[in-house]
Amino acid sequence: MASDGVDVDLLAEAVTDHLAAVQPAIDELSVCTLGASITSVVMRASLRRQAESLTAIGRLVASDEGFAAVPLLRPACEELIVGRYLALVSPSQSDAILQACAVKQVAHSLAAQRAMVGDDVIERLGLTDYLLRSTSKSEAADENFTRLRVELGWPAFRQAPGLPSTKWMARKTGSLDLYEYLFHATSRTVHFSVAELLRRAWYRDDGEITISSSQFERHWAAFALYEGSLLLAETAIVVWNVLESLGEGAPFDSLEQAAVLSATERIGKHGRVPIITALELAT
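Residue 167 in numbering that gives the first Met the number 0 sits at position 168 of the sequence shown, with consecutive numbering throughout.
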């Protein structure tokens, strides 16, 4: 089905042109010095990952598999909100936050893998020493999170020490509308959702129901293209601001602004794609 009049092919073409226009700057940002801070590396990586994801979205759409593209928006939305929050704190606090996050996330992955495969496999994979060291590192990360909670006025930890919720950071950064909209839209595609599954079931005049992801594919395609390009553009602004605060030059001034603006205007003309449509409610 068509997505409320959106010409998906024209939208995909505009997104491809936008990516081509910003790619030189993203490539330049993808190289930094060995002594770069963890904040610098993570912010650069988030922009690179989003550009690559948007490229993947374009390929999925071109092969009529736009139904698989929407989940790629979820990490991009979180990266934008967290990036906006990191821009509010000092560079040293940002580094401490990201370092503690990295330690805890590695520790959780090691523990989950050990629980699934056992100590013998962990040893064969050469991970035993890392697993042993992760305990003390995780404890130190907890202490840092506790200190940061006091310094930055975070709410009480829900369970273990860690970052505040994404919703809390969205509220702090004026991103609550974005959070409510995209978290709901992407939750339908990354969690069990009856409504999302039923989008694949359509009645036919002969009384049969046909079930296929192709039924709503163009709608998902348009949604992923539009929101993915918007998230990339907003994240680029955040990355520029953070790198500037770190005293690192961002290469966005060297962009061909006319090409970027032209592609952005063409994307914007399509308008935001709705989460839900009248057509699916009427059938």
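C-beta: ideal position from N, C-alpha, C; glycine also.
Is DSSP giving W153 helix, strand or coil here? Three-state DSSP puts W153 in coil, outside helix and strand.
Could you spell out where the alpha helix (DSSP H) holding A200 opens and where it closes? Per DSSP, A200 lies in no alpha helix (DSSP H); the unbroken beta strand (DSSP E) holding it starts and ends at 200-202.
Measuring alpha carbon to alpha carbon, tell me which of S244, S91, F182 ends up nearest I274. Relative to the Cα of I274, the nearest Cα in the group S244, S91, F182 belongs to F182.
Classify I96: buried if its beta carbon has 16 or more other beta carbons within 10 angstroms, exposed otherwise. It counts as buried.
Paired residues, beta bridge with I37 - DSSP: For I37, which the question treats as bridged, DSSP gives no partner whatsoever.
Between C100, L87, V241, G125, which lies nearest to A169 when the distance is taken from Cα to Cα? Here the closest residue by C-alpha is L87.
Opposing strand residues paired with I275 [DSSP bridges]: Partner(s): none; I275 has no beta bridge.
Would the beta-carbon of A20 fall within 8 Å of that of A235? For A20 and A235, no; Cβs fall outside 8 Å.
Beta-carbon proximity of R217 to G65, cut-off 8 Å: Yes, these two residues count as a Cβ contact at 8 Å.
Anticipated Cβ contact below 8 Å, A223 with V69, distance rounded: The beta carbons of A223 and V69 sit about 5 Å from each other, so the pair counts as a contact at 8 Å.
Near S108, which residues of its chain fall below 6 Å by C-beta distance, leaving aside the five closest residues on each side in sequence? Counting only Cβ-Cβ distances below 6 Å, and skipping sequence neighbours, we find nothing.
Given a cut-off of 8 Å on the beta-carbon distance, is the pair Q49 and E78 in contact? Taking 8 Å as the Cβ cut-off, Q49 and E78 qualify as a contacting pair.
Can you check DSSP and say which residues form a bridge with I208? Checking the DSSP bridge columns, you'll see I208 partnered with Y202.
What span of residues does the alpha helix (DSSP H) with E64 cover, start to end? No alpha helix (DSSP H) contains E64, which DSSP labels as neither H nor E.
For F144, which three-state DSSP category applies? Assignment of F144 by DSSP, reduced to helix, strand and coil, places it in the helix class.
Would you grab the beta carbon distance between A155 and A99 for me? Rounded to a whole angstrom, and I think it's under 8 Å. About 17 Å; that fails the 8 Å criterion.
CA-CA distance, L71 and S52? L71 and S52: Cα-Cα distance of roughly 7 Å.
From G173, P74, D63, A44, residue whose alpha carbon lies closest to that of A184: Considering only G173, P74, D63, A44, the residue with the shortest C-alpha distance to A184 is P74.
Output needed for L46: all residues of its chain with C-beta closer than 7 Å, excluding positions within five of it in sequence on either side, in chain order. Within the same chain, L46 has close Cβ partners I25, L28, T234, A235, V238.
8 Å Cβ cutoff met for I80 and S174: Yes, these two residues count as a Cβ contact at 8 Å.
Pick from Q256, E247, V272: whose alpha carbon is nearest that of G34? For G34, the closest C-alpha among the options Q256, E247, V272 is that of E247.
Residue from P23, R43, Q22 whose Cα sits closest to the Cα of I31: In the sequence under discussion, the amino acid at residue 31 is Cys, which differs from the Ile named in the question. Out of P23, R43, Q22, R43 has the C-alpha closest to the C-alpha of C31.
Is it the case that the Cβ atoms of P90 and S244 are separated by a distance below 8 Å? Result yes, Cβ atoms of P90 and S244 sit closer than 8 Å.
What does the alpha-carbon distance come out to for the pair A11 and I266? The straight-line gap from Cα to Cα measures roughly 9 Å.
Could you spell out where the alpha helix (DSSP H) holding Q92 opens and where it closes? From DSSP, the alpha helix (DSSP H) with Q92 extends over 90-116.
Quick one: what's got a C-beta closer than 7 Å to R203's C-beta in the same chain, skipping five residues either side? Close CB contacts of R203 within its chain, under the 7 Å cut and outside five residues either way in sequence, are with T209 (chain order).
Do you know how far the Cα of L196 is from the Cα of H190? Between the alpha carbons of H190 and L196 lies a distance of about 11 Å.
Alpha carbon to alpha carbon, how far is L126 from T15? Give it in angstroms, no decimals. Going from the Cα of T15 to the Cα of L126 covers about 41 Å.
Among R271, V241, L59, which residue has its Cα nearest to the Cα of V40? Taking only the C-alpha atoms, the option nearest V40 is V241.
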